[in-house]
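Here's the structure, in structure tokens; my notes come after.
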Amino acid sequence: MIVICPGCHCKYSVQADAIGESKMVRCALCSTTWQQSSIDESALRQKNHVVHVIKWTFFWFTVFVSLFSLFFTKNVIIKIWPPAVCFYDFLGLDSQDTKKMFVIQNVSNFFVQKNHKLYMGLKGELINASNDVQVMPSLIISLKNDEKSSKSSYRKVWTHDLMYNKLLPNQKVVFETELQSVPYNNLICDIKLDVL
Ligand SMILES: [Zn+2]
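As structure tokens, this is what we get:
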């Protein structure tokens, strides 16, 4: 085994048997004395270092994979759990390009009383404002309590798929959402687009 003097860092090659479990030794060069154990400390240090590197590699790998999946499965996550759109809004991951390609207009809501409950649906028009054929986006519809509400005060968020797969340049489609149970007053409706 290698024994290193803590005083002058001089290295000695010593038979482990000569140390036994632990022994008081003296450096021939600088006369420092210390208690030397038979465990090869440099090997132990190296082993600890390897474990440390593995731990951090694993940590950063996990962080990277999590961020990667959050970013690239955004549409899937929103589809499964629409309120996640608030989180992506917060991160500023809204697709600006998608917004420019499409125009939403003439949005109105309608209420239907059914079994003493109020249900709301939305009607509107979606237009492909670009010069290319576009894959039909999903609509992400969110309802807030009032204008002053911050992004965190979404009351209800859902996605609505349109029946067509593609939109030609300047093509317009009328959409009407399924009825949603909405027990809130003074609602502000916000419609976003997401290409799936
Ligand atoms: Zn020494």
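Read the sequence shown against this note's numbering and you will find it ends at 204, with the numbers running on by one and no gaps.
Backbone N, C-alpha and C fix where the C-beta goes; we use that ideal spot for every residue, glycine too.
The stretch 31 to 41 makes no contact with the stretch 71 to 82; the number of CB pairs closer than 8 Å stays below 3. Counting along the chain, the unbroken alpha helix (DSSP H) around residue 85 starts and ends at 82 to 88. Nearest neighbour of residue 136 by Cα position, chosen from 130, 129 and 145, turns out to be 145. Taking C-beta atoms under 8 Å as the contact rule, residue 175 and residue 183 fail to qualify, at a distance of about 12 Å. The straight-line gap separating the alpha-carbon atoms of residue 150 and residue 125 is approximately 20 Å. Taken through DSSP and simplified to helix, strand or coil, residue 114 comes out as strand. In the same chain as residue 27, and ignoring 5 residues on each side of it, the C-beta atoms closer than 8 Å to its own belong to 9, 11, 33, 44, 45 and 46, in chain order. Residue 109 carries a helical assignment under DSSP once its states are collapsed to helix, strand and coil. Proximity of the beta carbon of residue 28 to ligand 1 is not indicated: no heavy atom of the ligand is located closer than 6 Å. In this structure, the alpha-carbon of residue 112 lies about 37 Å from that of residue 71. Not one heavy atom of ligand 1 sits closer than 6 Å to the Cβ of residue 75. Listed as beta-bridge partners of residue 45 by DSSP are 30. Setting aside the 5 residues that flank it on each side, residue 114 is surrounded in the same chain by 132 and 133, each with a C-beta closer than 7 Å to its C-beta; the list follows chain order. Non-local beta-carbon contacts of residue 90 in its own chain, meaning distances under 7 Å to residues more than five positions away in sequence, involve 148, 165, 166 and 167 in chain order.
Residue environment analysis places residue 96 among the buried positions, since at least 16 neighbouring C-beta atoms fall within 10 angstroms of its C-beta. Across the structure, residue 142 and residue 120 are spaced so that their CA atoms are roughly 33 Å apart. DSSP places residue 96 in the uninterrupted alpha helix (DSSP H) bounded by 92 to 99. Put simply, the backbone Cα of residue 138 is about 17 Å away from that of residue 172.
The beta carbon of residue 14 lies closer than 7 Å to those of 40 and 42 in the same chain, with the five residues before and after it left out.
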